[in-house]
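Asker: The following block contains the structure, expressed as structure tokens.
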Amino acid sequence: MLKKSIVVRAVMSAVLFVSAVACAQAGAAPATHGAGDDDVIVENRLSLGNGYVQSVYSRGAHGAPRTIGITVDEAAMKSLPTTPTHDGNTCFDTDGNGSIDPATECKGGHERVLWFPKLEGLPFQWMMFNWQPMGHGPTHVFDKPHFDLHFFIQDYSARNAIRTGPCGALLVNCDDHKKAILPVPDPFSPPGFGMPGDAGRMGNHLADLNAPPVNGGPFTQAFVYGTYNAHISFWETVFNKEWLAPTKPKRDCIDLRQAPQVEQSGYYPRKSCVSYRQGPRDYLMTLEDFVYRSAPAGTPAPQWGATKGTGTAQPEDGHSHSAH
């Protein structure tokens, strides 16, 4: 029986080797599928309510990304801050009276900035997690309590140069608003994406018009592209807390609709997934099923058009690396 088992394993190894050689000879770019729920590695951890939110990742072959995302533990989910409805990071004196009214002149919910290691070919440098206790516009789309996960391609200091102001959907400086809404040119523009609007310290947002909740379907999870200065600046996944907390999904995934081409070669995800993990008692929200995509030859690097005089911002308070 032992000899038979050894022979079977040898044959399977040979088949896998031949398949890998064939893919390499054909020039195919292998996909790196999602890790198991217990395979992720913790990179950062920050407090949230009485618990925490943490950035996680896993590597595939040769250090390429398999999974990136976050976890929110059960303690945080049961104690999410609701009053005030924001942390005061995104505010503007819209009425010009010399003071900020927290009830009407601040947006953005409760924000946490988290980081990822420099995985091979990963275009996403960092992420901004937002807990939105009251939701936000558009009405009947994202107006329920939810989590926004912004996976940024745009570098941190360029993002911080997007100022608040009286324009746009959510408190954008008027000059920066003009940059935020510049259309992304073909072939880098994702077809079928539009609405919902731009925001200070973020940029513009474009949702899938043919998918829930924009098309009137139930709001569970959703996908949004972020843009600034005519470039894709972040990928965003959105999770409805009113669905997530009571459902505790074993595993729920959606496909991410892609633009025909990318400006920056690297590994890009094709799925957004969420699962409740019984062991650590947390909610794992991830980008998965990464595949390597090559930018067209000669494509220049994105120019974010940072405002002169803004300087280079430092990481926000609370950025800390935890032990793996």
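Sequence positions in the sequence shown follow mature numbering (1 follows the signal peptide of the UniProt record, and there is no 0) and run -24 to -1, 1 to 300.
For every residue, glycine included, the Cβ atom is placed at its ideal position computed from N, Cα and C.
Given a threshold of 16 other Cβ atoms within 10 Å of its Cβ, counted over all protein chains shown, does Asp258 qualify as buried or as exposed?
Answerer: Mapped onto the sequence shown, residue 258 falls at position 282. Buried, because 16 or more other Cβ atoms sit within 10 Å of the Cβ of Asp258.
Asker: Should Ser75 be labelled buried (16 or more other beta-carbon atoms within 10 Å of its own) or exposed?
Answerer: The count along the sequence shown starts at 1 and reaches residue 75 at position 99. Burial call: exposed.
Asker: Who pairs with Glu87 in a beta bridge, going by DSSP?
Answerer: One-based indexing of the sequence shown puts residue 87 at position 111. According to DSSP, which records beta bridges pairwise, Glu87 is partnered with Asn106.
Asker: Among Val18, Pro114, Arg253 and Asp15, whose alpha-carbon lies nearest the alpha-carbon of Leu146?
Answerer: Indexing the sequence shown from 1 puts residue 146 at position 170. The shortest C-alpha separation from Leu146 is found at Pro114.
Asker: Relative to the C-alpha of Pro272, which candidate in Phe164, Pro172 and Lys154 has its C-alpha closest?
Answerer: Taking the sequence shown and counting its residues from 1, the one referred to as residue 272 is at position 296. With distances taken between Cα atoms, Pro272 lies closest to Phe164.
Asker: With DSSP run on the structure shown, which of helix, strand or coil describes Glu96?
Answerer: Residue mapping note: residue 96 aligns to position 120 of the sequence shown, counting from 1. Three-state DSSP puts Glu96 in coil, outside helix and strand.
Asker: Given Ala(-1), which residues of its chain have a CB within under 7 Å of its CB, disregarding the five upstream and five downstream residues?
Answerer: Translated into positions along the sequence shown, residue -1 becomes position 24. Here Ala(-1) scores only 36 on pLDDT, less than 50, and its place in the model is too uncertain to base an answer on.
Asker: Would you tell me roughly how many angstroms separate the C-alpha atoms of Gly72 and Thr80, rounded to the nearest one?
Answerer: Here residue 72 is taken as the residue at index 96 of the sequence shown, counted from 1. Here residue 80 is taken as the residue at index 104 of the sequence shown, counted from 1. Cα to Cα, Gly72 sits roughly 13 Å from Thr80.
Asker: List the DSSP bridge partners of Phe169.
Answerer: Taking the first residue of the sequence shown as 1, we reach residue 169 at position 193. Asp184.
Asker: Around the C-beta of Cys82, are 16 or more other C-beta atoms found within 10 angstroms, so that it is buried, or is it exposed?
Answerer: Within the sequence shown, the letter at position 106 stands for residue 82. The residue is buried, with at least 16 neighbouring Cβ atoms inside 10 Å.
Asker: What would DSSP say about Met261, mapped onto helix, strand or coil?
Answerer: As a working note, residue 261 is residue 285 in the sequence shown. Correct three-state label for Met261: strand.
Asker: I'd like to know whether the C-beta atoms of Phe128 and Met103 end up nearer to each other than 8 Å.
Answerer: Reading the sequence shown from its first residue, position 152 is the one you call residue 128. Reading the sequence shown from its first residue, position 127 is the one you call residue 103. Yes, the pair counts as a contact, with Cβ atoms nearer than the cut-off.
Asker: I'd like the list of long-range same chain contacts for Lys217, defined as Cβ closer than 6 Å, with 5 residues on each side in sequence excluded.
Answerer: Walking along the sequence shown from the start, residue 217 turns up at place 241. Cβ within range, chain order: Pro121 and His122.
Asker: Measure the CB-CB distance between Pro184 and His153 and report whether it falls below 8 Å.
Answerer: Numbered from its first residue, the sequence shown carries residue 184 at position 208. Numbered from its first residue, the sequence shown carries residue 153 at position 177. Correcting the residue type first, residue 184 is Asp in the shown sequence and not Pro. It is not a contact, given that the beta carbons lie outside the stated cut-off.
Asker: With the cut-off set at 8 Å, would you say Asn191 and Lys155 are in Cβ contact?
Answerer: Taking the first residue of the sequence shown as position 1, residue 191 is located at position 215. Taking the first residue of the sequence shown as position 1, residue 155 is located at position 179. Cβ atoms of Asn191 and Lys155: not closer than 8 Å.
Asker: Excluding the 5 residues flanking Glu96 on each side, which residues of the same chain have their C-beta closer than 7 Å to its C-beta?
Answerer: Taking the first residue of the sequence shown as 1, we reach residue 96 at position 120. Result list for Glu96: His38, Gly39 and Ala40, in chain order.
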